[in-house]
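Worksheet: one structure, shown below.
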Amino acid sequence: MTDEPTRLRHALVSTLVDAGWLTDPRVAAALRAVPRHRFVPGVPVRQAYANDVVHTKFDVDGRPISAASQPRIVATMLQQAGIRAGDQVLEIGLGTGYNAALLAELTGPDGRVTSVDVDADIVEAAAANLAATGYASVRVVCGDGALGHPPTAPFDVVIATVGAWDVPSAWLDQIAEGGRLVVPQRIRGAITRSVVYQRDAAGRWVSVDHEMCGFMPLRGGAADDPHHSHDLTGDGRARLDVYQEQHVDTAALTGVLDQPRSQIRTGVRLRGDESLEWLWLWLACALPGGLGTLHAGRAARDAGLVVAPYGVWLMATTDHGTLAYATAVDPGTGGDGVEIAVVGHGQQGLAERLAAEVVRWDRRGRDRAVRLILEPDAAPDTVGDADQGRFVFAMPSGLLTVRWIDDAA
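Every letter in the sequence shown is one number past the one before it in my numbering, and letter 161, counting from 1, is 156.
So, in structure tokens, the structure goes:
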């Protein structure tokens, strides 16, 4: 007779397969084999096998800083990694140890998994979880994940289970010829994509796949990635999350939603269940301040502070105490889909700029593929061309180019 954890584990895998999120039989087998509930002790077994994140550690302000990732995202990244039996794998961000156990299943007895985390208590607990479930072969290291792990390099795969704004050069330097990097890369504010990079003949790191995701940021080391959540209303009804490289004067935004509001209809419709992720990526690249996440609960909507008929969080941009965000509205003319509108508070120029970029995405970026290119140590002597869907950003480690391309390019 099958026990409840096994039944729930197999049911979770079936859910992922049926939804089309899990297509690799080896990854499916690993997910069936590793008992997730043993890595989140104290969590009800049904919660352990829900397709949801389980937060396991919080900072002094109550914000989560470590977790067992959502199984759908876990499956996506493991499939992106393309891990083979016998591979040498470096994991950045140990968490509960669950993902390291999955990696050990995929690499097999001839492979090697090294996992690094900055928090000693997380490392200790994860090591105990791994030993108790038969995965003591995983090498766990307490250290700065941004530095990788030179003693066991090179690696066939480096997989980060923490978000990174810039890709540390140490990760790239420790990847073997023909290897790949899988990283949840935060791009120009709040947009994060799980990107698979491989090195091309010119020495550039070029994306071969990327999917929308969200992860805890790197902390406490060379690539520390702090962010700030600012209360726009003073009472918690609406807040804006922004990041270090955006240089937002958050104090100037207090009460911004009480400023005069303008609304611009763009005429751009989403088709059916078309995802907003590609529009968000374009806006993050095209707008000088990138994008932050505007969280607005029911109280804010009921009070008319935000226009958000289809959701409680929005993507926003700011400039000197002015705020603008994209939202979806009923086009009012029949047909499928919703129309993208832009709402601005303060001087109207920012809302007009955002609306213009929505239209430019529709004309220049929509229905095109996107490629990301890392050029370590490259000088910032290349400029982008928004009309061609080419954006270039100087990062501490080099250049990041985000290009909208035709599929065959």
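Beta carbons are placed, not taken as given, at the ideal position from N, Cα and C, and that holds for glycine.
- Assignment of beta-bridge partners to His205 by DSSP yields Val190.
- Annotation for Glu370: Arg199, Gly393 and Leu394 place their beta carbon closer than 6 Å to its own, counting only its chain and skipping 5 residues before and after.
- In this structure, Glu86 and Ile154 form a Cβ contact; the two beta carbons are roughly 5 Å apart against a cut-off of 8 Å.
- Boundaries of the alpha helix (DSSP H) harbouring Trp166: Ser164 to Asp168, taken from the DSSP string.
- By the neighbour-count criterion, in which a residue is buried when 16 or more other Cβ atoms sit within 10 angstroms of its Cβ, Pro391 is exposed.
- Its chain contains Val201 as the residues whose beta carbon lies nearer than 7 Å to that of Asp195, once the 5 sequence neighbours on both sides are disregarded; these appear in chain order.
- When DSSP states are grouped into helix, strand and coil, Gly360 belongs to the helix group.
- For the pair Ile68 and Val152, the CB atoms are not nearer than the 7 Å cut-off.
- With contacts defined as CB atoms closer than 7 Å, Val354 and Trp399 fail to qualify as a contacting pair.
- Secondary-structure assignment with DSSP links Arg366 through a beta bridge to Arg398.
- Taken through DSSP and simplified to helix, strand or coil, Ala25 comes out as helix.
- With a threshold of 16 other beta carbon atoms within 10 Å, Gly184 meets it and is buried.
- Taken through DSSP and simplified to helix, strand or coil, Leu85 comes out as strand.
- Per DSSP, the unbroken alpha helix (DSSP H) holding Val118 starts and ends at Ala115 to Ala127.
- Nearest Cα to Asp230 within the set Ala294, Ala14 and Gly92: Ala294.
- Residue pairing by DSSP puts Phe388 in a beta bridge opposite Leu395.
- Around the Cβ of Ala76, a 10 Å sphere holds 16 or more other Cβ atoms; the residue is buried.
- Assigned with DSSP and collapsed to three states, Pro371 falls in strand.
- For Ala70, the three-state secondary structure derived from DSSP is helix.
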